[in-house]
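Below is one structure, written out as C-alpha cells; the observations come after it.
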Amino acid sequence: MNAAKKIASFLIVITLLVVVAFDIWGAVTLGTITPSPNPELRDDANQVVMVFGATGSVGDGLLKAAVEDPDVEKVYVVTRSSSPRIEAGVASGKVEMLLHEDFTDYSDLADVLGQVNTVLWGLGTTSLGMDDETYTWIHVDFPIAFINAWLAARTDAPMSFHTVTGMGTDLNGDQHWAREKGRAEQEAAMLAEGTGLRTFGYRSAFVRPTSEQANALHYSLEALLRPGDLVIPAKDLGGAMLEISARTSELDNGTLIDNADSIAFAQAYQQRQARKSAETE
Ligand SMILES: NC(=O)c1ccc[n+]([C@@H]2O[C@H](COP(=O)([O-])OP(=O)(O)OC[C@H]3O[C@@H](n4cnc5c(N)ncnc54)[C@H](OP(=O)(O)O)[C@@H]3O)[C@@H](O)[C@H]2O)c1
23 MNAAKKIASF
33 LIVITLLVVV
43 AFDIWGAVTL
53 GTITPSPNPE
63 LRDDANQVVM
73 VFGATGSVGD
83 GLLKAAVEDP
93 DVEKVYVVTR
103 SSSPRIEAGV
113 ASGKVEMLLH
123 EDFTDYSDLA
133 DVLGQVNTVL
143 WGLGTTSLGM
153 DDETYTWIHV
163 DFPIAFINAW
173 LAARTDAPMS
183 FHTVTGMGTD
193 LNGDQHWARE
203 KGRAEQEAAM
213 LAEGTGLRTF
223 GYRSAFVRPT
233 SEQANALHYS
243 LEALLRPGDL
253 VIPAKDLGGA
263 MLEISARTSE
273 LDNGTLIDNA
283 DSIAFAQAYQ
293 QRQARKSAET
303 E
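For this note's numbering, add 22 to where a residue sits in the sequence shown, where the first one is 1.
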C-alpha cells in the first residue's frame, strides 16, 4: 500500500470512529419527550399554515408536509422567490405565494396574519462566511419581528410557531450562531407567554432534504447518522411540527425539541394519519 492509500484509509477509519461516537452519544442522550399515547387533538389547529424558507432544503420539506396534510386547508408561503413545489402548490389551489422582501416588516400581511394557526419557520442559513450582524438580523430580528406582527393580529384560534434552530444551539455557548439562535428561541417564548401562542425550537441535527432534492450523499449520511437519532427527513420534521400543533395542550410554550423528540412526534403523526385514512376507506 502506498503512502496516499494509507493516509486515505486512516482518514476513513477516523471519520467512521467519529460517526460511531456521535451515534452512541445521540442514542444515549437524545429524546427527552415521549408523545402521549392518548393526546387531546384539535383538527382545526393546523387549518391555515404559513411557511417561511420554503425555497430552502429544510423549508421545502416543511412545505411538502403542510401541502400533504388533509387537515391543512390553506398554506401561505412567504418568500422572496419561487420553487417547483411552491409553483405546484399554487397550481393545486392549496398554496398562496406571498412575495416578500423585508422580513423585518410584515405590515403588508396584516390581513392574512389573523387567519394563520401554524407557522413553520425554515428561514435561515449557515454562519460560515457571514458577519455576526447579518447573522443576528436573519436569525433573531426576522422571526422576532414576525412574532410581534402575528401577535398584533391574533385571534382566539390555536396558534403555534415552529422554528428550526439546530443541534448545538446554546444561549450561553461559545459560538455567536449558537447564542443567537438560543436568544431567538428564548425571545420568541417570552413574547408568546400568556398570549395563547406556543413557540417551539427544533434543535435538529441533520435534516435530510426531500426525496426530490436529496442525492446519494444525503442518503449515505442519513444511513450513518440514523442509529444515533441524528437525522430526520425534512418532510417528517414538518409532520412532527404539525403533530405538536394539533396536540394543543401537550407541550408548553418554549419547549425545545431535540432530534429524537422530532422523530417520536413524526412517528405519532404518521400513525395518526394512517389511522385516519384507514377510517375513511
Ligand atoms: N439543513 C440541515 O440539516 C439543518 C439542520 C439543523 C438546522 N438547520 C437550520 O435550518 C435553517 C434552514 O437551513 P437550510 O439548510 O434549509 O438552508 P437553505 O437551504 O440555505 O435555505 C435557506 C432558506 O432561508 C431563506 N433565506 C436565507 N437568507 C434569507 C434572507 N436574508 N432573506 C430572506 N430569506 C432568506 C432562503 O431563501 P432564498 O431561497 O430566497 O435565498 C431559503 O428559503 C437554518 O437556520 C439552518 O441552520 C438546518
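Even for Gly, the Cβ is constructed at its ideal location relative to N, Cα and C.
Residue i and residue j: beta carbons closer than 8 Å?
i: G223; j: T185; result: yes
i: F287; j: E301; result: no
i: L219; j: G204; result: no
i: E207; j: L278; result: yes
i: E303; j: S58; result: no
i: A175; j: N275; result: no
i: D153; j: R225; result: no
i: V73; j: L63; result: no
For residue i, tell me which candidate among the options has the shortest Cα-Cα distance.
i: E90; options: Y157, G260, Q197 and G136; result: G260
i: G115; options: S271, V97 and S129; result: V97
i: K86; options: D130, F228, R64 and A262; result: A262
i: T256; options: A245, T270 and A236; result: What sits at residue 256 in the sequence shown is Ala, not Thr. For the residues A245, T270 and A236, the minimum Cα distance to A256 belongs to A236.
i: S79; options: I169, I254 and T37; result: I254
i: H161; options: M189, L173, L150 and E202; result: E202
i: L243; options: N24, P61, T37 and A26; result: T37
i: N170; options: A210, A30 and Q197; result: A210
i: T369; options: G144, Y128 and I29; result: For the chain, the structure presents residues 23 to 303; residue 369 sits outside this window and is missing.
i: T191; options: W159, S149, D163 and A132; result: S149
i: T177; options: I29, Y157, Q137 and P165; result: Q137
i: F168; options: E155, D130, T156 and G195; result: D130
i: R294; options: G151, P61, A238 and A25; result: P61
i: W199; options: T221, A238 and W159; result: W159
For residue i, collect the residues of the same chain with a Cβ closer than 8 Å to its Cβ; drop the 5 residues on either side in sequence, then sort them by chain order.
i: N139; result: D66, A67, N68, Q69, V70, V71, A179, P180, M181, S182 and S267
i: F44; result: L247, G250 and L252
i: W2; result: A question about residue 2 goes unanswered here, because the residues of the chain that appear run from 23 up to 303.
i: Q197; result: S149 and G190
i: E241; result: Reading off the sequence shown, one finds Tyr at residue 241, where the question assumed Glu. These residues qualify, in order along the chain: R230.
i: L173; result: L213, A214, T217 and L219
Near residue i, which residues of its chain fall below 7 Å by C-beta distance, leaving aside the five closest residues on each side in sequence?
i: M119; result: V99, T101, S104, I108 and V112
i: E123; result: R102
i: V117; result: V89, V97, V99, I108 and G111
i: A290; result: P57 and E265
i: D283; result: G53, T54 and I55
i: P165; result: W143, T185, A206 and A210
If we count the other Cβ atoms within 10 Å of its Cβ and call it buried at 16 or more, is residue i buried or exposed?
i: L121; result: exposed
i: T126; result: exposed
i: S233; result: exposed
i: V229; result: buried
i: F32; result: exposed
i: D82; result: buried
i: L52; result: buried
i: Q92; result: The amino acid at residue 92 is misidentified as Gln; the sequence shows Pro. P92 should be labelled exposed.
i: V147; result: The question names Val, but residue 147 is Thr in the sequence shown. That one is exposed.
i: D133; result: exposed
i: G151; result: exposed
i: L135; result: buried
Would residue i pass as an interface residue toward chain D - the criterion being a Cβ-Cβ separation below 8 Å?
i: E95; result: Of the protein chains in this structure there is only one, and it is not chain D.
In its own chain, which residues sit with a C-beta less than 6 Å from the C-beta of residue i, not counting the 5 before and 5 after it?
i: V94; result: N68, V71 and A88
Within the stretch 67 to 146, note down every full beta strand (DSSP E) run reaching 3 residues or more, in order along the chain. 70 to 74, 96 to 101, 117 to 121 and 140 to 143
To test your reading of the DSSP string, which unbroken alpha helix (DSSP H) runs of 4 or more residues are found completely within the stretch 199 to 246? none
Give the list of continuous alpha helix (DSSP H) stretches no shorter than 4 residues that lie fully inside the stretch 40 to 71. none
At 3 residues or longer, what runs of the beta strand (DSSP E) sit wholly inside the stretch 152 to 199? 181 to 186
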